[in-house]
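Note sheet for the following structure.
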């Protein structure tokens, strides 16, 4: 990614992949790169719409010290907390059991410089009858039971925000 001079108060970023000639160019007001809300533990109204996204990115701390980052489906509960259904055989569940600190990240598809980052503590609860997994499946028109082996189990991961960072407006 390289920055090119922009016209007026616009900043232009050119993103290329392995010397490909078809570069993606993003243009945004300079303020979009500089405006950052103060860190808080609640999601500001200015970024609540991002919670309607289809996919968020969950980052957990792997056993080797490196982050493990995975795109994942999610729902909001009645208290506004993010909940995720995960198969217990997955590495991210093992990571969360070892260290519940994680980050959930959503990028605005209309503006790549508008983001929501939720640093959170994860609480894992069993979902033996797939009650929560079925709710997730209804949102995404999918049956999570078909994604698991018959012996697999699921947990509900509830994220309690510790810090919330936003970028862009």
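Residue numbers (our numbering): 46 to 214. The beta-carbon is built from N, C-alpha and C at its ideal position, and this holds for glycine as well. Remember, predicted model here, so these are calculated numbers, not experimental data.
| Check | Outcome |
| --- | --- |
| Close Cβ partners of residue 64 (< 6 angstroms) along its chain, the five nearest in sequence each way excluded | In this predicted model, residue 64 has a pLDDT of only 45, less than 50, meaning its place in the structure is not dependable; the value taken from the coordinates is given anyway. For residue 64, where only same-chain residues beyond five positions count, there are no Cβ hits under 6 angstroms. |
| Cβ shell of residue 92 (< 6 angstroms), same chain only, five flanking positions each side left out | 161, 211 |
| Own chain residues within Cβ distance below 6 angstroms of residue 168, not counting five before or after | 203 |
| Beta-carbon proximity list for residue 195, same chain, < 6 angstroms, skipping 5 on both sides | none |
| Three-pair Cβ contact test at 8 angstroms for the stretch 129–137 versus the stretch 106–121 | yes |
| Rounded straight-line distance, which links the Cα of residue 146 to that of residue 205 | 10 angstroms |
| Same chain, Cβ closer than 6 angstroms to residue 182, five either side skipped, listed in chain order | 188, 189 |
| Residue from 192, 178, 164 whose Cα sits closest to the Cα of residue 103 | 164 |
| Beta carbon of residue 107 nearer than 7 angstroms to that of residue 119 | no |
| Residue 141 and residue 105 closer than 7 angstroms at C-beta | yes |
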